[in-house]
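J.: Quick note, the sequences are listed as chains S and R, same order.
Read in order, the letters of the first sequence correspond to residues 1 to 350 in this note's numbering.
Read in order, the letters of the second sequence correspond to residues 1 to 350 in this note's numbering.
Note that CB positions come from ideal geometry on N, CA and C, so glycine has one too.
Structure below; questions to follow.
Protein chains: 2
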Amino acid sequence: MKPNTFLPSCPMPHADTERIQLAHGEGARLTRRLIREELLAAFANPFLNPLADAATLPELGGRLVMTTDSSVVSPLFFPGGDIGLLAVHGAINDLAVSGADPMYLSIAMILEEGLPIETLRRIIRSVKNAADACGVSIVTGDTKVVPRGAADQIFICTTGIGRLRPDADLGVQRVRPGDKILISGTIGDHGLAILSAREGLDLGNQLGSDTAPLHHLVANLLESGADVHFLRDPTRGGVAGVLHELVEQSALAIRIEEAALPVSPCARGACELLGLDPLHIANEGKLVAVVGAESAGAALNALRYQLLGNQAAIIGDVIASPSAEVLLANRFGQVRIIDEPSGAPLPRIC
Amino acid sequence: MKPNTFLPSCPMPHADTERIQLAHGEGARLTRRLIREELLAAFANPFLNPLADAATLPELGGRLVMTTDSSVVSPLFFPGGDIGLLAVHGAINDLAVSGADPMYLSIAMILEEGLPIETLRRIIRSVKNAADACGVSIVTGDTKVVPRGAADQIFICTTGIGRLRPDADLGVQRVRPGDKILISGTIGDHGLAILSAREGLDLGNQLGSDTAPLHHLVANLLESGADVHFLRDPTRGGVAGVLHELVEQSALAIRIEEAALPVSPCARGACELLGLDPLHIANEGKLVAVVGAESAGAALNALRYQLLGNQAAIIGDVIASPSAEVLLANRFGQVRIIDEPSGAPLPRIC
Numbered sequence: 001m002k003p004n005t006f007l008p009s010c011p012m013p014h015a016d017t018e019r020i021q022l023a024h025g026e027g028a029r030l031t032r033r034l035i036r037e038e039l040l041a042a043f044a045n046p047f048l049n050p051l052a053d054a055a056t057l058p059e060l061g062g063r064l065v066m067t068t069d070s071s072v073v074s075p076l077f078f079p080g081g082d083i084g085l086l087a088v089h090g091a092i093n094d095l096a097v098s099g100a101d102p103m104y105l106s107i108a109m110i111l112e113e114g115l116p117i118e119t120l121r122r123i124i125r126s127v128k129n130a131a132d133a134c135g136v137s138i139v140t141g142d143t144k145v146v147p148r149g150a151a152d153q154i155f156i157c158t159t160g161i162g163r164l165r166p167d168a169d170l171g172v173q174r175v176r177p178g179d180k181i182l183i184s185g186t187i188g189d190h191g192l193a194i195l196s197a198r199e200g201l202d203l204g205n206q207l208g209s210d211t212a213p214l215h216h217l218v219a220n221l222l223e224s225g226a227d228v229h230f231l232r233d234p235t236r237g238g239v240a241g242v243l244h245e246l247v248e249q250s251a252l253a254i255r256i257e258e259a260a261l262p263v264s265p266c267a268r269g270a271c272e273l274l275g276l277d278p279l280h281i282a283n284e285g286k287l288v289a290v291v292g293a294e295s296a297g298a299a300l301n302a303l304r305y306q307l308l309g310n311q312a313a314i315i316g317d318v319i320a321s322p323s324a325e326v327l328l329a330n331r332f333g334q335v336r337i338i339d340e341p342s343g344a345p346l347p348r349i350c
Numbered sequence: 001m002k003p004n005t006f007l008p009s010c011p012m013p014h015a016d017t018e019r020i021q022l023a024h025g026e027g028a029r030l031t032r033r034l035i036r037e038e039l040l041a042a043f044a045n046p047f048l049n050p051l052a053d054a055a056t057l058p059e060l061g062g063r064l065v066m067t068t069d070s071s072v073v074s075p076l077f078f079p080g081g082d083i084g085l086l087a088v089h090g091a092i093n094d095l096a097v098s099g100a101d102p103m104y105l106s107i108a109m110i111l112e113e114g115l116p117i118e119t120l121r122r123i124i125r126s127v128k129n130a131a132d133a134c135g136v137s138i139v140t141g142d143t144k145v146v147p148r149g150a151a152d153q154i155f156i157c158t159t160g161i162g163r164l165r166p167d168a169d170l171g172v173q174r175v176r177p178g179d180k181i182l183i184s185g186t187i188g189d190h191g192l193a194i195l196s197a198r199e200g201l202d203l204g205n206q207l208g209s210d211t212a213p214l215h216h217l218v219a220n221l222l223e224s225g226a227d228v229h230f231l232r233d234p235t236r237g238g239v240a241g242v243l244h245e246l247v248e249q250s251a252l253a254i255r256i257e258e259a260a261l262p263v264s265p266c267a268r269g270a271c272e273l274l275g276l277d278p279l280h281i282a283n284e285g286k287l288v289a290v291v292g293a294e295s296a297g298a299a300l301n302a303l304r305y306q307l308l309g310n311q312a313a314i315i316g317d318v319i320a321s322p323s324a325e326v327l328l329a330n331r332f333g334q335v336r337i338i339d340e341p342s343g344a345p346l347p348r349i350c
């Protein structure tokens with residue numbers, strides 16, 4: 001007789017063992033089991049294995065660079081990525097644009113009671129795969145559990161440690177009128193992917209997050225010998241946010257050529273449909289670079305040499321005035337001031 | 001004519017400016033204003049001031065120690081402390097018990113839409129005061145805002161970086177039968193303070209959290225020349241949690257003398273009233289030290305020399321068997337096995 005496929009053929013697991021319980025956060029046996037069976041099993045390395053309160057690492061042999069980032073994205077899984085990839089890439093990219101080679105990560109997770117353990121496992125696998133691909137170790141972590149309703153499924157805070165590259169000399173103070181502005185590829189993909197996943201919009205099935213680690217791209221750019229003055233990854237606030245921050249801090253201005261902005265046809269269509277400006281939409285795998293004018297060609301070549309940068313473009317110039325303004329020139333030469341959006345946030349995109 | 005005291009004498013502030021809005025998290029102008037006016041104003045230091053995506057720090061000149069910790073305590077303010085103090089002391093103490101001198105902190109905050117800005121300011125002041133008192137700089141940070149109901153007011157993730165002290169040689173592998181176990185002061189105060197604040201219990205007005213930074217106490221202990229084998233701060237899971245972790249990892253056993261445990265009269269009364277065991281209750285400013293037997297006196301003196309350790313006590317011994325068990329001997333010499341609590345968690349105590 002065939003087994004009844006409508007009834008489970010083995011005893012139902014006790015529901016509680018399939019979901020995060022408050023006891024997973026109380027610091028006793030269940031916490032240690034969670035850490036050992038789920039986290040240590042995935043991330044094992046000599047620094048994490050002792051499960052001490054902190055990781056003892058080798059001497060760094062260079063200047064230390066430190067960054068921290070919380071991931072609160074909703075939904076947790078979306079076209080092109082998930083919260084685990086974002087959590088790793090966010091820290092890697094903040095180190096990369098600061099001119100550092102990423103080395104170590106810490107992971108602190110806030111879990112909502114009732115989170116399916118299988119969801120947690122998927123995220124942990126994703127974190128592990130991303131960390132492995134980036135060549136960094138997860139050396140320490142923390143797990144807290146809050147009651148149902150006190151958080152939304154899972155938040156992840158990653159902190160990254162890197163070593164400053166000797167060839168990096170980056171900062172707003174190095175930006176000069178005449179510098180060229182480059183972007184490493186198409187813009188707006190991440191924010192649109194989140195939006196379409198969250199709202200159930202059909203924006204075309206080619207629309208996926210661009211989440212990716214930028215450290216190899218940055219290394220290639222710096223090793224090219226191009227005179228790189230400033231790097232930033234245009235996440236929340238989009239490319240416009242990065243440019244506004246730059247002009248505010250430097251008291252210079254920026255002029256962007258609209259026709260030079262790489263936007264995928266799919267993203268362009270979605271933006272037109274929704275009335276959004278791709279300059280304002282978050283990216284998770286793009287690099288804005290400001291380089292000396294005479295280096296612009298070398299920098300562009302260095303970016304395009306890698307798959308991740310093969311659609312890189314020179315998109316504009318740093319100019320002296322009007323101070324603290326970002327200008328956009330359309331293909332007819334008409335220039336308008338790009339303001340920052342406000343009052344219409346798209347929350348929880350990263 | 002006297003102004004009508006029932007009407008405001010100046011225009012009412014727009015309610016939105018008094019509370020965290022989603023736009024504070026979108027990465028544009030409001031985010032930058034929040035960071036500049038609230039965070040940078042409080043934490044200003046040469047590493048944070050550039051507001052880059054990462055902090056570029058000097059060479060460390062020693063082995064790097066890294067720890068991370070999320071604070072999700074509820075309520076945010078409680079007798080003896082608040083979430084800001086816990087967030088700083090948690091990272092400091094994890095570094096301290098790993099034998100490191102704390103140097104740098106990062107702060108990542110997840111804010112719930114609607115959080116009063118004044119609440120955030122109080123917490124920021126608290127973080128700043130604690131960091132100043134501990135001699136550490138807050139060098140980088142991150143701020144995310146989630147919609148109402150997706151988090152509970154504020155969660156803080158702190159990551160700490162320290163330099164390993166050359167005089168520290170700590171680890172479970174150094175623990176031997178015959179070693180003495182010390183505690184730096186009274187136990188159970190933090191968990192009871194949270195419980196009384198949360199449940200509105202009147203457990204006596206002397207009951208306050210013991211939250212405190214332990215790095216000076218640890219430095220004093222290590223500099224005393226005592227043969228220190230293992231250090232841990234008994235937070236979640238209490239002293240029992242630390243001891244269970246130790247016996248599980250070492251396959252040794254521990255015997256604690258109940259009469260030697262320092263418990264304040266107020267905490268003892270509260271535990272008796274509530275049927276709780278002070279060994280299971282969280283602390284946030286206590287140190288468990290395992291030292292070679294011949295060093296126990298010197299270690300005790302070193303702890304007692306500081307105000308924070310003036311109630312330190314030798315509370316038990318490491319013994320060879322029964323493997324992986326923690327035993328408690330009462331004042332009549334009767335011995336019982338101390339189990340870990342489970343199924344009755346007190347969530348969100350740190």
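Can you tell which of R/I187, R/S98, R/A131 has the C-alpha that lies nearest to the C-alpha of R/L170?
T.: For R/L170, the nearest C-alpha among the options comes from R/S98.
J.: For R/C134 and chain S, any beta-carbon pair shorter than 8 Å?
T.: Closer than 8 Å: no.
J.: Using the beta-carbon of each residue, which ones in chain S are nearer than 9 Å to R/L57?
T.: Those are R63, L64, V65, M66, L164, listed as they occur along chain S.
J.: Under 8 Å, do S/I117 and S/K144 count as touching if we go by C-beta distance?
T.: Result no, Cβ atoms of S/I117 and S/K144 do not sit closer than 8 Å.
J.: Does the distance from the C-beta atom of R/A151 to that of S/A151 stay below 8 Å?
T.: Going by C-beta atoms, R/A151 is nearer than 8 Å to S/A151.
J.: Which residue from S/S70, S/L308, S/G297, S/S137 puts its Cα closest to that of S/A212?
T.: Taking only the C-alpha atoms, the option nearest S/A212 is S/L308.
J.: Does the Cβ of R/A289 have 16 or more other Cβ atoms within 10 Å, making it buried, or fewer, making it exposed?
T.: R/A289 comes out buried.
J.: Which residues bound the beta strand (DSSP E) around R/V139?
T.: Unbroken beta strand (DSSP E) run through R/V139: 137–146.
J.: How would you list, in chain order, the residues of chain R whose beta-carbon sits under 8 Å from the beta-carbon of S/F77?
T.: Neighbours of S/F77 on chain R: none; closest Cβ ~17 Å, over 8 Å.
J.: Using a C-beta to C-beta distance shorter than 9 Å, which residues of chain S count as neighbours of R/I110?
T.: Chain S residues near R/I110: S70, V72, I110, A151, F155, C157.
J.: Determine the closest residue to R/A259 out of R/I314, R/P79, R/P166, R/L214, with distance taken between C-alpha atoms.
T.: Checking every option, the nearest Cα to that of R/A259 belongs to R/I314.
J.: Flag this pair as yes or no: are the beta carbons of S/I161 and S/L40 separated by less than 8 Å?
T.: No, Cβ-Cβ distance for S/I161 and S/L40 is not below 8 Å.
J.: Pull up the distance between the alpha-carbon of S/Q306 and that of S/A219, whole angstroms please.
T.: Each residue's alpha carbon lies about 11 Å from the other.
J.: Please go through the stretch 203–271 of chain S and give each complete beta strand (DSSP E) segment of 3 or more residues, from N-terminal end onward.
T.: Within the stretch 203–271 of chain S, the complete beta strand (DSSP E) runs of at least 3 residues are 228–232, 253–257.
J.: For S/V73, does the three-state DSSP call read helix, strand or coil?
T.: DSSP places S/V73 in coil when its eight states are reduced to three.
J.: For the stretch 192–204 of chain S against the stretch 173–184 of chain S, are there 3 or more C-beta pairs whose distance is under 8 Å?
T.: The answer is no - the stretch 173–184 of chain S does not touch the stretch 192–204 of chain S, with fewer than three Cβ pairs under 8 Å.
J.: Between the stretch 234–246 of chain S and the stretch 293–300 of chain S, can you find at least three pairs of beta-carbon atoms closer than 8 Å?
T.: The answer is no - the stretch 234–246 of chain S does not touch the stretch 293–300 of chain S, with fewer than three Cβ pairs under 8 Å.
J.: Taking the C-alpha atoms as reference points, what is the distance between R/G185 and S/L231?
T.: Distance between the alpha carbons of R/G185 and S/L231 is about 50 Å.
J.: Run through chain S and tell me which residues come within less than 7 Å of R/G27, C-beta to C-beta.
T.: Within chain S, the residues near R/G27 are T235, R236, G237, G241.
J.: Find the residues of chain R that neighbour S/S106, judging by a C-beta separation of less than 8 Å, and give them in chain order.
T.: Here the neighbours are M66, T67, T68, T159.
J.: So what does S/V335 bridge to, in DSSP terms?
T.: S/A329, per the DSSP bridge assignment.
J.: Under 8 Å by Cβ, that's how I've got R/L95 and R/R165 pegged, so tell me the actual separation to the nearest angstrom.
T.: Actually they do not touch by this definition, with Cβ atoms about 10 Å apart.
J.: Just tell me which of R/L105, R/A270, R/D167 has its CA closest to the CA of R/G208.
T.: Nearest C-alpha to R/G208: R/A270.
J.: Since R/D53 sits in a beta bridge, which residues does DSSP pair it with?
T.: DSSP output for R/D53 lists no bridge partner at all.
J.: List the endpoints of the continuous beta strand (DSSP E) containing R/I154.
T.: Counting along the chain, the beta strand (DSSP E) containing R/I154 begins and ends at 154–164.
J.: Closest Cβ-Cβ distance between R/S295 and chain S: below 8 Å?
T.: Answer no: the Cβ-Cβ gap between R/S295 and chain S never drops below 8 Å.
J.: Could you tell me the distance, in whole angstroms, from the CA atom of R/T68 to the CA atom of S/L328?
T.: If I take the Cα positions, the gap works out to 42 Å.
J.: Which residues, in chain order, does the stretch 80–98 of chain R contribute to contact with chain S at a C-beta distance below 7 Å?
T.: Listed by position along the chain: D94, L95, V97, S98.
J.: Thinking just about the alpha-carbon of each residue, which of R/S74, R/F43, R/I35, R/A282 is nearest to the one in R/H190?
T.: Nearest option by C-alpha distance: R/A282.
J.: Determine, using beta carbons only, whether S/V139 comes closer than 8 Å to chain R.
T.: Chain R, which has a Cβ nearer than 8 Å to the Cβ of S/V139, makes this yes.
J.: So, do the stretch 120–139 of chain S and the stretch 21–39 of chain S have three or more beta carbon pairs nearer to each other than 8 Å?
T.: The stretch 120–139 of chain S, when compared against the stretch 21–39 of chain S, does touch it at the 8 Å Cβ threshold.
J.: Have a look at S/G285 and R/D101 and give me their C-alpha separation to the nearest angstrom.
T.: For S/G285 and R/D101, the distance between alpha carbons rounds to 36 Å.
J.: Taking S/I183 as part of the beta strand (DSSP E), name the residues at either end of that continuous run.
T.: First-last of the beta strand (DSSP E) with S/I183: 180–183.
J.: Going by C-alpha distance, which of R/I138, R/E112, R/F155 is nearest R/L51?
T.: When each option's Cα is compared against that of R/L51, the closest is R/I138.
J.: By a C-beta neighbour count over all protein chains shown, 10 Å radius and 16 as the cutoff for buried, is R/R32 buried or exposed?
T.: Buried: at least 16 other Cβ atoms inside 10 Å.
J.: State the DSSP-derived secondary structure class of S/G188, mapped to helix, strand or coil.
T.: Correct three-state label for S/G188: coil.
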